[in-house]
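Protein chains in written order, with my numbering: chain A, 41 to 323; chain B, 529 to 869; chain C, 69 to 389. Each residue gets a CB set at the ideal place from its N, CA and C atoms; glycine is no exception. Single-structure report; data block below.
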């Protein structure tokens, strides 16, 4: 009897250690990626990278200044497009809508969220690039903005709903109209969570290259205004990584480090903001 | 919160305005001439600070498509547009598309065989066989035959071709169609074909990268990609029976005959050209310019560039291993620039 | 009149209040409605935009291997095959690792450690696809060529799945990269689901004399298994739609091959590579039809995943009440 029990205990310890190893390995991958990028990208990051334009093919040197600015413009415009839709739409769901309409809107948002980014690129191409007859920052921002909508919408709704009833009723009791209550009491109470969601949405689209292939297209120079093709960090990484030039590989690592660094910092920032406030209802 | 919002808006508007001066002209297409085009556009931009030619190397196929759609101002291809594509352009845009040869280049068989740094000699039969998937090992007699003295291993050949629509593919398949009936009937020539075997690389860049990283591989790229990346490329037996390596001289010789008989629209194939030392897989590469350009500034900029390209521009070709255009062709083109209105 | 309060209502003030609310309701409604509008137009564009090949090829589109732009014949089987194979490889690798890790995080690790590790796993999910592609090209491809291929091909090369030469790139490479990308999804959802299993289930098993592992594996996990299935569907949906990482390491060859070491293609990868150069309506629309197929696949999987996860977490809260 003792032997059987000992065997079962052994199996138990063994399997549980195995699961521990699985967890450690999974987390280790993250650190490996970071480390590898730091090693290859860190040595390639120099002042030129941030300030110079790309050089002609085959020549060494140059940088990705235009891609950095391009990404910044894309993200800014994408936020201007996607965040208000998600934010105000979320307010509608939480404060005004009946459950049927809410269900439809939520379903549409979930559907949109699940669309592969390359398909979003096709959509943006048909809606923006084709009619305007040009690849542009706008088209790229449209595609990225679309991807920001579902996260912003659902999170706004959830955080608004999480605001305690007391606050709501208190404001009403003081005679504030509904919209005033929302604007001055409820939204401020939920702002932490909503801000977090916006940051996470931003971090998600910052790294996307697929939807940019048919919209922003790429640019070896500064992109002027909003209606011209533009370079972006993820797209440059893709192009440079697939090339045979050592110098371009070097720059791709550097770009990868900058991009990942940016994304990770936003993620960490977002989650710390959240941790300080109310706990996030898991979506 | 409000203040930051206003500040943000101001920055956004400003960024749109600040660089609003300066003309941006967008082009897309062949990766074959990408090294020389990117050099040209860079030099031209230095000379004319307010003009920028943004050229994306996306493959000849995409170049033809985009210029037909009008999403770019000009295209570039090393496979001349066929009659169907010309008609499609005419139908869609209501005017003609013009071909302007820019330089001469060569598609070379480049390879990565461990232990082999020598220049291999390839017969047309060997190349066709390899790309048809019938010759599968490096020590096949068709390959070892002309390469006595080279120790070729018995490893499996890894074929690398283009995954995107490519003028280089057009040149390569055009040549193979001329030298191999089996190729012509099975695969034929186009910018995008149904490859019997092999890996797909995106752009000449992608193919070069794959060859560099994959032992026992062979692929076809424009000469400069092999040269710039220090990977060996072989000779090809031409129509006269000589094994010729691609260089300025052999490529120029391939174009010599065509230069005299250049058609009005500049569409011509010079693969498998006659001539004792002509390189058989040479080609012109063309800029695809719309004959009607609405925007006056863009039109003048493009015409200005073309004029410069035919004069000073040609001096940059040779250092990047492209051959200059023959004199007769340059003269004809200068006249043709007037067609762009 | 609710909310009238201490403000003695002059009629115009109160109606202004109501108007303000009405305007607010209208404005927010417009934004919410636009979400629905956008989604509808996306599906519509995909449907209409693929009309030509749908009518010309019908179901043949899904079974033909012949993707030939020159002859204008379009059969999507190689891409469907490649998408399925790479995703299958990804799941085969990611599921054991992911479930194992989630068991550790949910059952064994003290809450602090569990939360911290989960935090890092969430960061792993945030790494963009291009970066995985970058690492794929420079780390995984040589790994396959120099380590994994010799290890598997020499002893097992007679098996169809390990046959043939190694290119470095291929189905297996793409599968491995995808596996790393989807593990975080399996872990975080499975962990949630396992955590929602009521205490009494575990305690009952332990009280009856089972070891820690036995109570986990034989009681808790089965209780949560629908939810875990859900996490797998979610991971699958993610893997199917992945574009950049796959196109950088899959070999871009539209061929069906049994060997995992052979080069292949996926739906998302071919769209990314070829869409901008499709000439002619039929070809362009063929790529849009591929996009439609991808959309439908991910739509179905995501829907199923959601249902499964909700069912499990509700089951958990029901039983414990």
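Self-check item: Inter-residue CB distance, residue 800 of chain B and residue 707 of chain B (contact presumed, cutoff 8 Å)
Solution: At roughly 6 Å, the Cβ-Cβ gap stays under 8 Å, so residue 800 of chain B and residue 707 of chain B are in contact.
Self-check item: Neighbour flag for residue 290 of chain A against chain B, beta carbons, 8 Å
Solution: Not closer than 8 Å to any Cβ of chain B, the Cβ of residue 290 of chain A fails to qualify, so no.
Self-check item: Among C/361, C/235, C/192, C/150, nearest to residue 329 of chain C - alpha-carbon criterion
Solution: Measuring from the Cα of residue 329 of chain C, the nearest candidate turns out to be C/235.
Self-check item: Boundaries (first-last residue) of the beta strand (DSSP E) holding residue 750 of chain B
Solution: Counting along the chain, the unbroken beta strand (DSSP E) around residue 750 of chain B starts and ends at 745-750.
Quiz prompt | Terminal residues of the alpha helix (DSSP H) in which residue 761 of chain B lies | solution = Taken as a continuous stretch (DSSP letters only), residue 761 of chain B belongs to no alpha helix (DSSP H), as it is neither H nor E.
Self-check item: Test: residue 758 of chain B CB closer than 8 Å to a CB of chain C
Solution: Interface with chain C (8 Å Cβ-Cβ cutoff): residue 758 of chain B is excluded.
Quiz prompt | Cross-strand partners of residue 141 of chain C (DSSP beta bridge) | solution = DSSP, once it has assigned bridges, lists C/136 as partnering residue 141 of chain C.
Quiz item: Who are the neighbours of residue 154 of chain C on chain A, taking C-beta pairs under 9 Å?
Solution: Residues of chain A passing the Cβ test: none, with the nearest at roughly 14 Å.
Quiz item: If you measure from the beta carbon of residue 722 of chain B to each beta carbon in chain C, is any gap under 8 Å?
Solution: It does: the Cβ of residue 722 of chain B has a partner Cβ on chain C nearer than 8 Å.
Self-check item: Three-way DSSP call (helix, strand, coil) for residue 554 of chain B in this model
Solution: Here residue 554 of chain B sits in strand by DSSP.
Practice problem: Could you round the C-beta distance between residue 17 of chain C and residue 376 of chain C to whole angstroms and report it? I think they count as a contact, below 8 Å. | Solution: Summary: the structure shown does not reach residue 17 of chain C, with chain C confined to residues 69 through 389, and so no result is reported for it.
Self-check item: Cβ-based neighbour list, residue 333 of chain A, same chain, cut-off 7 Å, excluding 5 preceding and 5 following
Solution: The shown model of chain A, from 41 to 323, leaves out residue 333 of chain A, and the question about it has no answer.
Quiz item: How would you write the range of the alpha helix (DSSP H) that residue 594 of chain B sits in, first residue to last?
Solution: Start and end: 588-597.
Exercise. Please compile the residues from chain A whose C-beta is within a distance smaller than 7 Å of the C-beta of residue 562 of chain B.
Key: Simply 97.
Quiz item: Listing by chain order, which chain A residues have their CB less than 7 Å from the CB of residue 63 of chain C?
Solution: As shown, chain C starts at 69 and ends at 389. That puts residue 63 of chain C outside it, with no answer to give.
Quiz item: Between residue 598 of chain B and chain A, is there a C-beta pair that is closer than 8 Å?
Solution: So, interface residue.
Quiz item: Taking the alpha carbon of residue 260 of chain C as the point to measure from, which residue in C/102, C/127, C/174, C/168 has its own alpha carbon closest?
Solution: Nearest C-alpha to residue 260 of chain C: C/174.
Quiz item: Within this structure, are the beta carbons of residue 705 of chain B and residue 722 of chain B separated by less than 8 Å?
Solution: No, these two residues do not count as a Cβ contact at 8 Å.
Self-check item: Cβ-based burial, residue 567 of chain B [other Cβ within 10 Å; buried from 16]
Solution: By the neighbour-count criterion, in which a residue is buried when 16 or more other Cβ atoms sit within 10 angstroms of its Cβ, residue 567 of chain B is buried.
Quiz prompt | Min CB distance residue 215 of chain C to chain B below 8 Å | solution = When Cβ-Cβ separations below 8 Å define contact, residue 215 of chain C makes no contact with chain B.
Self-check item: Per-residue burial, residue 285 of chain C [other beta carbons within 10 Å of its own, 16 or more giving buried]
Solution: Label assigned to residue 285 of chain C: buried.
Practice problem: Please report how far the alpha carbon of residue 784 of chain B lies from the alpha carbon of residue 277 of chain A, in whole angstroms. | Solution: Roughly 42 Å between the two C-alpha positions.
Quiz item: residue 20 of chain A CB to nearest chain C CB: under 8 Å?
Solution: The structure shown does not extend to residue 20 of chain A, since chain A is modelled only from 41 to 323, so the question has no answer here.
Practice problem: Report buried or exposed for residue 385 of chain C, applying the criterion of at least 16 other Cβ atoms within 10 angstroms of its Cβ. | Solution: That one is exposed.
Exercise. Identify whether residue 146 of chain C lies in helix, strand or coil by the three-state DSSP scheme.
Key: In the three-state reduction of the DSSP assignment, residue 146 of chain C falls in the helix class, which pools H, G and I.
Quiz item: What three-state label does DSSP hand residue 525 of chain B in the structure shown?
Solution: What the structure shows of chain B is the stretch from 529 to 869, and residue 525 of chain B is not part of that stretch, so it cannot be assessed.
Quiz item: For residue 841 of chain B, which option in B/629, B/824, B/746 has the closest C-alpha, if you only look at C-alpha atoms?
Solution: Considering only alpha carbons, the answer is B/629.
Quiz item: Mapping DSSP to helix, strand and coil, what is residue 664 of chain B?
Solution: DSSP places residue 664 of chain B in coil when its eight states are reduced to three.
Quiz prompt | residue 364 of chain C classed as buried or exposed, judged by whether at least 16 other C-beta atoms fall within 10 angstroms | solution = By the neighbour-count rule (16 or more Cβ atoms within 10 Å), residue 364 of chain C is not buried but exposed.
Self-check item: Beta-carbon proximity check, residue 340 of chain C vs residue 253 of chain A, cutoff 8 Å
Solution: In this structure, residue 253 of chain A lies closer than 8 Å to residue 340 of chain C by Cβ.
Practice problem: Return the chain-ordered list of same chain residues with a C-beta closer than 6 Å to the C-beta of residue 191 of chain C, the five sequence neighbours on each side being excluded. | Solution: If we look at residue 191 of chain C and ignore the five residues flanking it on each side, it has no Cβ neighbours.
Quiz item: In chain B, which residues lie less than 8 Å from residue 261 of chain A when you measure between Cβ atoms?
Solution: Correct list: 552, 573, 580, 582.
Quiz item: Would you say residue 314 of chain C and residue 274 of chain A are within 8 Å of each other, going by their C-beta atoms?
Solution: Taking 8 Å as the Cβ cut-off, residue 314 of chain C and residue 274 of chain A do not qualify as a contacting pair.
Practice problem: Note down the Cα distance separating residue 175 of chain A from residue 681 of chain B, rounded to an integer number of angstroms. | Solution: Approximately 48 Å, taken between the alpha carbons.
Quiz item: Hey, quick one: how far does the alpha helix (DSSP H) through residue 190 of chain A stretch, first residue to last?
Solution: Residues 177-202.
Self-check item: Option in B/595, B/638, B/830 with minimal Cα separation from residue 700 of chain B
Solution: Closest option to residue 700 of chain B, Cα to Cα, is B/638.
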